[in-house]
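Quick note: the sequence shown uses the numbering used here, first residue 4, plus one each step.
One structure is given here, and the rest of the page talks about it.
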Amino acid sequence: MGFIKDAYTIFRIGARTVSNTYLKSSRPSHVSIAVTNRCNSRCIYCETYLCDFSKELTTQQMISIIDEISRDGSCYITLTGGEPFMRQDIFDIIKHCYKRNLIVNIPTNGLKIHNFNAGQINTIVKCVRNIQLSIDSADTKENDFIRGVDGSLDLAIQGVKRLKDGGFDKIGILTVISRYNYKKLKGLLYLTRDLGLKRIRFQPVGINSNYPSIAPLKDKREVLIRGKQIDELRDTLSEYIRLENRLGLTTNLKFLKTWIGPYFKFIESEKFFMKEVNRCFRCIYPATALFIDSNGRLQPCQFLNNVGSGLKEVVYNWRHNKKLNEIRKSLKKGNFFQECRRCMCTFEFSSTYQPFSKSQPPLLISKVRQKIKDS
Ligand SMILES: C[S@@+](CC[C@H](N)C(=O)[O-])C[C@H]1O[C@@H](n2cnc3c(N)ncnc32)[C@H](O)[C@@H]1O
Ligand code: SF4
Ligand code: SF4
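In structure tokens:
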């Protein structure tokens with residue numbers, strides 16, 4: 004049953020993405036809503052605590068957005084933040100997504116999960132497709148330092164156990180690679196295996212603001228990997244790829260190895276980062292996905308600033324918003340924006356859609372480019 008459900012989910016998302024890209028169907032294949040900017044962590048690379056919390060959407064506003072999205076036929080929703088579990092009504096929101104037949108994904112720092120009661124765990128078991136848990140180190144002190152909270156590793160581990168004991172095991176780890184943890188990624192592979200999980204994904208630290216309406220943290224560059232450290236990281240990745248196989252884990256390490264060197268090399272360069280790092284990729288995020296910030300404004304993606312309110316007729320706005328359509332046109336021509344210069348989304352997105360990039364990246368991608376050009 005689980006297998007059939009998984010296959011069906013993948014089919015729905017794939018079909019929606021392909022039809023959006025090639026057939027000009029205009030429904031978002033994926034919707035992300037930042038349900039809050041509040042957070043109980045202070046990660047060194049995240050400026051969430053500087054955000055304005057005063058205009059957070061009410062439960063009713065959230066529900067009407069969810070209704071509209073599902074009415075329009077989208078199928079996949081990410082409830083992000085801030086920390087999504089900071090919202091008192093998050094379980095009502097999750098239940099409503101499920102009721103409306105949406106596939107729910109939740110990224111979380113995991114700090115609150117150990118305290119969830121049986122009803123809350125049951126809601127997760129029934130209504131959530133995937134929980135993406137952020138852990139940056141298997142070393143307690145290191146993780147606490149990066150995530151800015153004492154006991155964060157321990158709480159996240161307790162959270163995994165609570166979920167697993169309650170019958171939920173669709174948990175993947177997400178680790179941000181920075182200069183503070185790049186030497187010790189091996190420990191995270193073992194931790195994933197020891198927790199009885201199968202998936203861990205890595206992404207390099209980004210120095211954009213995570214919230215485009217505010218400036219990035221001043222000292223974000225301090226967390227970057229530089230010079231010889233980049234080669235060191237690349238060399239150790241080969242070792243980790245072998246370990247991944249031995250431990251029976253699924254990771255994105257093979258793919259990451261192909262671009263993480265240039266990513267860190269060019270991230271501080273004044274040159275147009277995306278073109279230098281990988282000319283082959285195209286960003287299809289604003290054309291295929293819908294992002295709503297915690298104040299209900301429509302954003303082209305996580306990093307580009309809002310293009311107006313998304314509160315009413317959100318999918319209609321997504322389709323017809325003038326600024327958004329200009330952004331799409333520009334990206335289609337391969338013209339990126341300043342914000343994209345330090346964005347790793349393109350890689351992220353491409354790695355999600357492996358068929359575009361797995362076996363022979365340049366060949367496959369040039370075919371994709373041609374198709375987009377011809378369309
Ligand atoms: C913005 S958070 C929201 C969900 C939740 N608060 C959490 O930390 O999982 C989503 C993911 O983005 C990661 N992240 C935050 N800032 C980042 C940055 N500057 N570069 C790369 N990843 C970042 C977090 O570690 C987390 O895994
Ligand atoms: S990355 Fe997530 S947990 Fe960390 S401060 Fe940002 S929103 Fe909070
Ligand atoms: S490449 Fe640019 S448009 Fe695409 S997701 Fe990144 S910041 Fe947004």
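For glycine and all other residues, C-beta sits at the position ideal for the given N, C-alpha and C.
Environment of residue i [buried if 16+ CB atoms lie within 10 Å]
i: residue 241; result: exposed
i: residue 223; result: buried
i: residue 243; result: buried
i: residue 218; result: exposed
i: residue 253; result: exposed
i: residue 81; result: buried
i: residue 1; result: This structure does not reach residue 1, given that the chain is present from 4 up to 378, and the question cannot be answered.
i: residue 61; result: exposed
i: residue 137; result: buried
i: residue 299; result: buried
i: residue 271; result: exposed
Three-state secondary structure assigned by DSSP to residue i
i: residue 82; result: strand
i: residue 30; result: coil
i: residue 341; result: helix
i: residue 133; result: strand
i: residue 290; result: helix
i: residue 195; result: helix
i: residue 281; result: Because residue 281 sits at a pLDDT of 48, beneath the cut-off of 50, its placement in the model cannot be relied upon, and the following sentence gives the value as read from the coordinates. Three-state result, residue 281: coil.
i: residue 73; result: helix
i: residue 160; result: helix
i: residue 53; result: helix
i: residue 91; result: coil
Cα-Cα separation, residue i to residue j
i: residue 133; j: residue 176; result: 11 Å
i: residue 321; j: residue 327; result: 7 Å
i: residue 172; j: residue 324; result: 39 Å
i: residue 106; j: residue 191; result: 28 Å
i: residue 110; j: residue 313; result: 22 Å
i: residue 220; j: residue 53; result: 9 Å
i: residue 3; j: residue 303; result: Absent from the structure is residue 3, since the part of the chain shown begins at 4 and ends at 378.
i: residue 65; j: residue 305; result: 18 Å
i: residue 246; j: residue 194; result: 12 Å
i: residue 198; j: residue 333; result: 44 Å
i: residue 301; j: residue 294; result: 6 Å
i: residue 183; j: residue 151; result: 13 Å
i: residue 267; j: residue 29; result: 35 Å
i: residue 238; j: residue 228; result: 14 Å
i: residue 187; j: residue 79; result: 34 Å
Identity of the residues DSSP links to residue i by a beta bridge
i: residue 328; result: DSSP, once it has assigned bridges, lists no residue as partnering residue 328.
i: residue 237; result: Its beta-bridge partners do not exist; DSSP assigns none.
i: residue 206; result: 179
i: residue 253; result: 202
i: residue 40; result: Answer by DSSP bridge pairing: none, since residue 40 is not bridged.
i: residue 35; result: 81 and 294
i: residue 301; result: 295
Cβ shell of residue i (< 6 Å), same chain only, five flanking positions each side left out
i: residue 155; result: 146 and 147
i: residue 180; result: 205 and 207
i: residue 317; result: 68 and 71
i: residue 114; result: 43 and 158
i: residue 185; result: 228 and 236
Spatial neighbours of residue i in its chain, beta-carbon cut-off 8 Å, leaving aside the 5 residues before and after
i: residue 123; result: 94
i: residue 257; result: 244
Spatial neighbours of residue i in its chain, beta-carbon cut-off 7 Å, leaving aside the 5 residues before and after
i: residue 331; result: 289 and 290
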